[in-house]
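*Asks:* Its first residue numbered 6, the sequence shown is counted upward by one per residue in our numbering.
My structure is below; once you've seen it, I'll send some questions.
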Amino acid sequence: EVLKFSNLGDPKKWEIDLFADAALGKSQDPESYIGDISFIRGPNGLRNVVNWNSGKLDVPTASILNAEAEAITNAHGKIKYIRFILNEMFNIEMPATMFTDSRSLFQTVTSDNSIRNRRISAAIATIRAVKTAENITLRWLKGVANISDSLTRPNANTANLKHLLSTGKTLSSFPIPGIG
């Protein structure tokens, strides 16, 4: 496989896309896994990968909502780091989008419902706060379109990720809603 870096055009029109995912281990493996992959997207729709990570949570969780919230919270930290670097290089503040395939996380963050679990509640409150304060959008997409799926699940379909890394584009069979 080839990793391709495309001409994204004017840096003032770039945006950050970050895909995050989480998975719980099976009964014989009680670990929780999170992964994320970050891209810079140009106005031409092409993307270049700038960062990725996959690993176990230090403290396993029994709730997939909690693991997904941890993944998005980590994604927020990555966005801050990427923005800092790009601001140093180009003196610009880029908008960012975090993608999750967890419908329950998306619905929880976009509602004003309170959460009883303190661990989840803290992560949800953080995500809610940064969405508006830091020009970060949270979007839901189907699991098959989540580029980071293969960073947390051994049997995930890697075709879309491989295609994106080698061409700068997503497969038309796995579109990312609103941005192709």
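Idealized CB from N, CA, C, for every residue including glycine.
Keep in mind that this is a model prediction, so the values were computed, not measured.
Over what stretch of residues does the beta strand (DSSP E) that includes residue 125 continue unbroken?
*Replies:* From DSSP, residue 125 is part of no beta strand (DSSP E) but of the alpha helix (DSSP H) over 123-138.
*Asks:* How should residue 117 be labelled, buried or exposed, when 16 other C-beta atoms within 10 angstroms of its C-beta is the threshold for buried?
*Replies:* Exposed: under 16 other Cβ atoms inside 10 Å.
*Asks:* Mapping DSSP to helix, strand and coil, what is residue 89?
*Replies:* helix
*Asks:* Quick check: the Cα distance between residue 38 and residue 92, rounded to an integer number of angstroms?
*Replies:* 31 Å
*Asks:* Give the single residue among 19, 52 and 18 whose Cα lies nearest to the Cα of residue 11.
*Replies:* 52
*Asks:* Report the CB separation of residue 155 from residue 166 in whole angstroms; it is logged as a contact under 8 Å.
*Replies:* 5 Å
*Asks:* Which value, in whole angstroms, describes the spacing of the CA atoms of residue 138 and residue 97?
*Replies:* 17 Å
*Asks:* Tell me the rounded alpha-carbon separation between residue 41 and residue 146.
*Replies:* Computed Cα separation, rounded: 14 Å.
*Asks:* Label residue 187 either buried or exposed according to how many other C-beta atoms from any shown protein chain fall within 10 Å of its C-beta, with 16 as the threshold for buried.
*Replies:* The shown model of the chain, from 6 to 185, leaves out residue 187, and the question about it has no answer.
*Asks:* If we ignore side chains and look at the alpha-carbon of each, how far apart do residue 77 and residue 70 end up?
*Replies:* When the Cα atoms are used, residue 77 and residue 70 turn out to be separated by approximately 11 Å.
*Asks:* Do residue 22 and residue 102 have their C-beta atoms closer together than 9 Å?
*Replies:* yes
*Asks:* Please name the residue or residues paired with residue 60 in a DSSP beta bridge.
*Replies:* Residue pairing by DSSP places residue 60 opposite 39 in a beta bridge.
*Asks:* Would you mind giving the Cβ-Cβ distance between residue 120 and residue 126, rounded to the nearest angstrom? I have them listed as a contact below 8 Å.
*Replies:* 4 Å
*Asks:* State the CB to CB distance for the pair residue 8 and residue 171, rounded to an integer number of angstroms; the pair is presumed to be in contact (CB under 8 Å).
*Replies:* 7 Å
*Asks:* Helix, strand or coil for residue 175 per DSSP?
*Replies:* coil
*Asks:* Following the continuous alpha helix (DSSP H) through residue 108, name the residue where it begins and the one where it ends.
*Replies:* 108-115
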